[in-house]
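What follows is one structure encoded as structure tokens, with my remarks underneath.
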Amino acid sequence: MTPVISLQQITKVYGAGETEVQALRGIDLTVNRGDYLAIMGASGSGKSTLMNIIGALDNATSGHYELDGINIDSLDESGLSIVRNRKIGFIFQSFNLIPRTSALANVELPLLYRGVGRRERMTRATAALGAVGLADRTHHEPNELSGGQQQRVAVARALVAEPSLLLADEPTGNLDSKSTSDVLDLLDQMHEQGRTIVMITHEDSVAARADRIITLIDGLISSDRRTMR
Amino acid sequence: MNIIETLRIGLRGIGANRLRSGLTVLGILIGVAAVIILVAVGNGTTQSVTANLESLGTNTLTVRHGTFGQPGAEARTQFTDLTVADAKALMDTDVAPDVKSASPVVTSQSTCSFEGTTHDTSITGTWPSYFEASNSKVSTGSYFGNEDVVSARRNIVIGQTVVDELFGVVDPVGKQIVCNGTPFTVVGVLESKGSSGFNDADDTAIAPLTTVQNHLTGYRSLDSVLVQSASSDAMDAAQSEVYSILDDRHSITDTTARDYQILNQATLLSAVEETTSLLTILLGAVAAISLLVGGIGITNIMLVTVTERTREIGIRKAIGASKGAILGQFLVEATVLSVIGGAAGVLFALIVTRFDVMGITPIVMPASVVAAFGVSVAIGLFFGSYPANRAASLRPIEALRHE
Chain A
1 MTPVISLQQI TKVYGAGETE VQALRGIDLT VNRGDYLAIM GASGSGKSTL
51 MNIIGALDNA TSGHYELDGI NIDSLDESGL SIVRNRKIGF IFQSFNLIPR
101 TSALANVELP LLYRGVGRRE RMTRATAALG AVGLADRTHH EPNELSGGQQ
151 QRVAVARALV AEPSLLLADE PTGNLDSKST SDVLDLLDQM HEQGRTIVMI
201 THEDSVAARA DRIITLIDGL ISSDRRTMR
Chain B
230 MNIIETLRIG LRGIGANRLR SGLTVLGILI GVAAVIILVA VGNGTTQSVT
280 ANLESLGTNT LTVRHGTFGQ PGAEARTQFT DLTVADAKAL MDTDVAPDVK
330 SASPVVTSQS TCSFEGTTHD TSITGTWPSY FEASNSKVST GSYFGNEDVV
380 SARRNIVIGQ TVVDELFGVV DPVGKQIVCN GTPFTVVGVL ESKGSSGFND
430 ADDTAIAPLT TVQNHLTGYR SLDSVLVQSA SSDAMDAAQS EVYSILDDRH
480 SITDTTARDY QILNQATLLS AVEETTSLLT ILLGAVAAIS LLVGGIGITN
530 IMLVTVTERT REIGIRKAIG ASKGAILGQF LVEATVLSVI GGAAGVLFAL
580 IVTRFDVMGI TPIVMPASVV AAFGVSVAIG LFFGSYPANR AASLRPIEAL
630 RHE
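Line by line, the protein sequences are chains A and B.
Each residue of the first sequence is one higher than the one before, counting from 1 in my numbering.
Each residue of the second sequence is one higher than the one before, counting from 230 in my numbering.
This is the structure in structure tokens:
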């Protein structure tokens with residue numbers, strides 16, 4: 001079975017000469033289908049850079065990256081946008097919903113860019129909002145929703161396109177404890193349904209929900225362990 | 230992503246910022262409306278001036294007595310009078326086959342009164358052929374005839390302004406008016422020709438030549454002779470015939486020092502048309518600049534929009550929007566703004582041009598409507614494409630980091 005993520009000797013260098021910063025110094029990582037992986041590390045450890053490379057938002061300086069069997073290194077801009085659309089569902093720390101646009105319109109956006117017809121979009125987006133428990137908030141705009149509700153809309157948006165990989169960047173960083181457990185319960189639920197999840201966090205309690213935790217220090221993986229769940 | 234979806238996303242962007250969108254539309258509206266209105270006003274001016282000149286007769290030459298500052302005029306010491314005999318000589322069909330009629334003209338500034346009301350006007354003393362040559366038609370009453378000239382009868386035909394000033398609503402035909410002490414009987418009223426700027430073509434009165442000479446001007450030189458050519462094509466031929474006859478009669482050897490001058494109505498008309506069409510071009514150019522400014526306004530607004538929505542663009546790219554989708558969204562926004570502005574501008578201009586502007590009836594040129602609207606749409610595409618392209622080329626990672 002092809003792994004969902006296969007990283008070989010990934011490096012990332014910012015700047016050049018005197019100001020050169022080595023963010024990643026050679027990462028080898030394989031994530032299999034159905035894995036729930038947490039990436040931990042102090043700020044500056046390179047975890048956000050790794051996240052951006054995994055999410056096809058940024059290119060690695062060197063190394064080889066395959067996502068779901070697709071060679072990402074060789075893709076051009078339009079190829080990358082197709083990969084982001086079909087293979088990856090993003091959940092951001094700051095929710096990143098489109099302002100002044102209803103929850104439903106936000107959720108159906110990935111399907112819109114994929115070229116799915118209006119009727120099917122409506123059905124799938126409504127179902128996805130129902131799955132995160134926001135069936136009664138479909139026509140609310142982001143500024144009319146609480147932080148926890150906004151993040152659940154973002155989860156629905158990440159799920160609606162049925163991606164191979166769910167990528168969450170500090171998904172609970174801006175949430176209170178009640179909303180945090182709501183969102184983490186949702187991710188657990190997705191995991192039980194067999195989804196592959198990669199989550200970045202610096203909180204041990206959040207990382208404990210995953211079944212595998214890797215820790216980055218100075219651009220290298222320092223530990224890779226399975227949790228006792 | 231089909232066109233309808235792109236359109237919907239673009240429209241949503243416009244709706245999200247109503248005030249800014251409204252101001253952008255206003256800029257384009259003013260530009261488009263200015264082009265259409267100013268060109269229509271220029272066009273209306275041309276047509277009204279031309280119509281006024283044409284109402285004075287188009288196939289006519291005016292032979293004026295004097296030199297009017299021609300070069301070489303100061304060399305002359307002796308002026309030969311322009312006489313009735315000169316006018317008669319111009320009607321010799323053997324020597325001047327292209328001259329249809331020649332009417333001697335004297336004018337007198339007179340104060341006319343009727344039952345205590347007075348009005349200053351200019352009385353033209355001439356022959357009946359003058360009516361046809363100067364395109365002066367009588368609307369009520371009748372013209373005076375040759376026998377009136379022969380017998381120097383005190384009959385007079387007056388213009389509409391004189392009627393309004395002296396008579397008001399009273400029918401003037403058959404009434405007697407007194408001009409500079411001489412009583413005249415009104416036999417007819419001229420059809421209105423309208424006014425062109427300072428010149429009121431209706432503030433006039435026409436009487437038999439002999440009568441005006443007897444009572445008002447005396448027997449000095451004629452002021453002018455109005456020559457009507459056989460046709461508009463024969464104007465130049467008629468002009469050279471008039472030159473040769475009068476040069477002969479006035480013993481002129483040096484053609485740069487004549488004691489008379491010929492004004493050719495056709496030449497005047499084309500000169501005026503040239504001037505007024507220049508005016509139209511000038512007005513159009515001013516308006517085109519305002520349209521350009523409106524276009525730059527669109528670029529400005531779209532640039533602000535792109536900067537302000539950088540994060541949104543990043544989000545869209547992160548969830549899989551292609552470069553084309555982002556480009557389409559911003560192009561649609563810019564184009565829809567300019568189409569709405571253009572359409573509103575056309576509508577506004579069509580309403581405004583229904584009213585007279587400073588006494589001029591604007592005449593809308595369909596070409597200017599099509600051009601202004603077309604240019605406004607093109608401006609939307611052209612000026613919108615730079616910001617749209619910038620938005621589409623943003624790297625998702627940088628766009629997402631933007632605060």
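C-beta atoms are modelled at their ideal positions from N, C-alpha and C, and glycine is treated no differently.
Predicted model, so just to flag it, every value in this text is computed and none were measured.
Any chain B beta carbon closer than 7 Å to residue i
i	result
A:GLN189	no
A:ILE98	yes
A:HIS64	no
A:ASP58	yes
A:LEU67	no
A:THR201	no
A:LEU109	yes
Contacts around residue i, its chain only, beta-carbon distance under 7 Å, and the 5 residues preceding and following it disregarded
i	result
B:ILE525	PHE612
B:THR564	VAL606, GLY609, LEU610 and GLY613
A:VAL206	THR172 and LEU184
B:PHE577	LEU258 and ALA262
B:THR274	THR505, LEU508 and ILE589
Secondary structure of residue i, DSSP reduced to three states
i	result
A:ILE221	strand
A:TYR36	strand
A:GLY17	helix
B:THR440	helix
A:GLN193	coil
B:THR359	First, the residue type needs correcting, since residue 359 of chain B is Tyr and not Thr in the sequence shown. Three-state DSSP puts B:TYR359 in a helix.
B:PHE559	helix
B:GLY354	strand
B:ALA331	strand
B:ASN260	For the sequence presented, residue 260 of chain B should be read as Gly rather than Asn. It is helical.
A:LEU167	strand
B:TYR448	coil
A:TYR65	strand
A:VAL206	helix
B:PRO591	coil
A:MET199	strand
A:ILE5	strand
Cβ pair residue i, residue j closer than 7 Å
i	j	result
A:LEU187	A:GLY148	no
B:THR350	B:VAL391	yes
B:LEU419	B:SER365	yes
A:LEU97	A:PRO142	yes
B:GLY271	B:THR509	yes
A:VAL107	A:ALA125	yes
B:LEU520	B:GLY260	yes
B:GLY417	B:SER358	no
A:GLY159	A:GLY89	For the record, residue 159 of chain A in the displayed sequence is Leu; it is not Gly. Yes.
B:GLY354	B:LEU438	yes
A:ILE213	A:ARG195	no
is_contact[residue i, chain A] using C-beta, thresh 7 Å
i	result
B:GLY549	yes
B:ILE544	yes
B:ALA626	The sequence as given places Ile at residue 626 of chain B; Ala does not occur at that position. At least one chain A Cβ lies under 7 Å of B:ILE626.
B:ALA596	no
B:ALA245	yes
B:ALA621	no
B:ALA617	no
Chain-ordered chain A contacts of residue i [CB-CB under 7 Å]
i	result
B:GLU234	LEU112
Same chain, Cβ closer than 6 Å to residue i, five either side skipped, listed in chain order
i	result
B:ALA459	ASP327 and LYS329
A:TYR36	HIS191, ILE197, ALA210 and ASP211
B:HIS631	THR539 and ARG540
A:SER45	LEU216 and ILE217
B:PRO625	GLY543, LYS546 and ALA547
B:LYS404	VAL415
Same chain only: Cβ atoms within 8 Å of residue i, ignoring 5 sequence neighbours per side
i	result
A:GLY41	LYS47, HIS202, THR215, LEU216 and ILE217
Under 7 Å by beta carbon: chain B residues contacting residue i
i	result
A:ASN308	Examination of residue 308 of chain A is not possible in this model, given that chain A is present from 1 through 229 alone.
A:GLU77	LYS552
A:LEU186	Result: empty, since nearest Cβ-Cβ is about 18 Å, beyond 7 Å.
Contacts that residue i makes with chain B (C-beta to C-beta distance below 8 Å)
i	result
A:ILE82	GLY549 and SER551
A:ASN52	ILE626
A:ARG157	ILE548
Amino acids of chain A, ordered along the chain, whose beta-carbon sits closer than 8 Å to that of residue i
i	result
B:GLU541	ILE98 and PRO99
Any chain E beta carbon closer than 7 Å to residue i
i	result
A:PHE90	This model lacks chain E altogether, as its protein chains are A and B.
Amino acids of chain B, ordered along the chain, whose beta-carbon sits closer than 9 Å to that of residue i
i	result
A:LEU231	A question about residue 231 of chain A goes unanswered here, because the residues of chain A that appear run from 1 up to 229.
Under 9 Å from the C-beta of residue i: neighbouring residues of chain A
i	result
B:ARG249	Here the premise fails: no neighbours, minimum Cβ distance about 13 Å.
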